[in-house]
Amino acid sequence: MRFDGILFFPVTPFTATGSIDHDLLGAHVAGGVTHGAGGVFPACGTGEFHALSASEATAVVQTSVAAVAGRVPVVAGTGGPLGHAVATARGAAEAGADALLVLPPYLVGGPQAGLVAYVEAVAAASDLPVIVYHRANAQFTPASMRHLAENPRVVGFKDGAGDIGTTQLIVRAVTAAGRDDFAFFNGLLTAELTQAAYRGIGVPLYSSAAFAMIPEVAVAYYRAYVAGDEDRRHELLDGFYAPLVALRDETPGFGVSLIKAGLRLGGTAVGGVRAPLVDPTPDQERRLADILDAGRALL
373 MRFDGILFFP VTPFTATGSI DHDLLGAHVA GGVTHGAGGV FPACGTGEFH
423 ALSASEATAV VQTSVAAVAG RVPVVAGTGG PLGHAVATAR GAAEAGADAL
473 LVLPPYLVGG PQAGLVAYVE AVAAASDLPV IVYHRANAQF TPASMRHLAE
523 NPRVVGFKDG AGDIGTTQLI VRAVTAAGRD DFAFFNGLLT AELTQAAYRG
573 IGVPLYSSAA FAMIPEVAVA YYRAYVAGDE DRRHELLDGF YAPLVALRDE
623 TPGFGVSLIK AGLRLGGTAV GGVRAPLVDP TPDQERRLAD ILDAGRALL
């Protein structure tokens, strides 16, 4: 699976009564593709997969597929309890997704054989190819990823742990398995802050939550990154991304909450986040508005 452009992780908009606003979701997704997204990842981390029922996740994917209209790949989130993962995988396939991003299983840790079996069970639930998300209680060894790479349905690896050394060994292990079609992603929060290091170990792709909130700044960074314009990239890092990360780190879950707040500040009524996440305080929203203004001033 090939991705050409920045990877877009849309939020899931909620109405005042807490239901999903599918009209707004469709407009949000379509707008991201218009801004140059190279792939759309609905019902994933930024889309609050953790707070969606299986039927809600399937509906989010269906709306996103319709909005994308075949222009770029759609990769749907799945994971959590194995039964939920199987249900969301099958729902995503029925909704027309192109692939799955396999998030960690629910709560429990398991040995490498168990983690491999979890991914294989999700992969077997539908005909869709799967991307492994390496994070939290689902961290894979190079040997496990080499084993999974022998399955042609496993087509990618996304690192959310931040261990550069292990990730490099995984890249080499998958390459040694003869897979030249594998996609490698940096999936850390606000990945723009670390992407230069990931590119150096053979991980060229990254997820951009900021793209969902302020696509013009995210695209400016992406263009500087692709062009190797380090002066421009550093200008955007120092003037926008570093202050955003400092605010994000004040409260757990703000990797999602701030994105929704930024959309609301821009006039897109996506609603708040579902528990256990919390929305920013008025003071934090004011500081976010200043950061967004500073980012736009750099354009």
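Quick note, the working numbering runs 372 ahead of the 1-based positions in the sequence shown. Yeah, the Cβ is synthetic: ideal placement off N, Cα and C, and Gly gets one too. Quantities reported herein were computed from a predicted structural model and do not represent experimental measurements.
Go to tyrosine 578, then tell me how far its beta strand (DSSP E) extends in each direction, as first and last residue. 577–580
Who are the near neighbours of glycine 574 in its chain, counting only those whose CB is closer than 6 Å to its CB and skipping five residues on each side? Val543
Presumed contact (8 Å Cβ cut-off) between valine 494 and leucine 472, rounded CB distance: 7 Å between Cβ atoms; contact.
Does isoleucine 573 come out as helix, strand or coil in the three-state DSSP assignment? coil
Please report the residue range of the beta strand (DSSP E) in which aspartate 531 lies. 526–531
List, from N- to C-terminal side, the beta strand (DSSP E) runs of 3 residues or more that fit wholly inside the region 414–496. 447–450 and 471–474
Can you give, in chain order, each stretch of the beta strand (DSSP E) that sits fully within the region 503–555 and has at least 3 residues? 526–531
Straight-line CA distance for leucine 487 to alanine 666? 43 Å
Range of the contiguous alpha helix (DSSP H) that encloses isoleucine 586: No alpha helix (DSSP H) contains isoleucine 586, which DSSP labels as neither H nor E.
Grouping DSSP H, G and I as helix and E and B as strand, with all else coil, what is glycine 625? coil
Residue burial classification, leucine 560 (beta-carbon count within 10 angstroms, cutoff 16): Leucine 560 is buried by the Cβ-count criterion.
Closest residue to alanine 431 among Gly468, Arg595, Pro624 and Gly528 (Cα-Cα distance): Gly468
Does the region 632–647 touch the region 385–396, meaning 3 or more C-beta pairs lie closer than 8 Å? Short answer: they touch.
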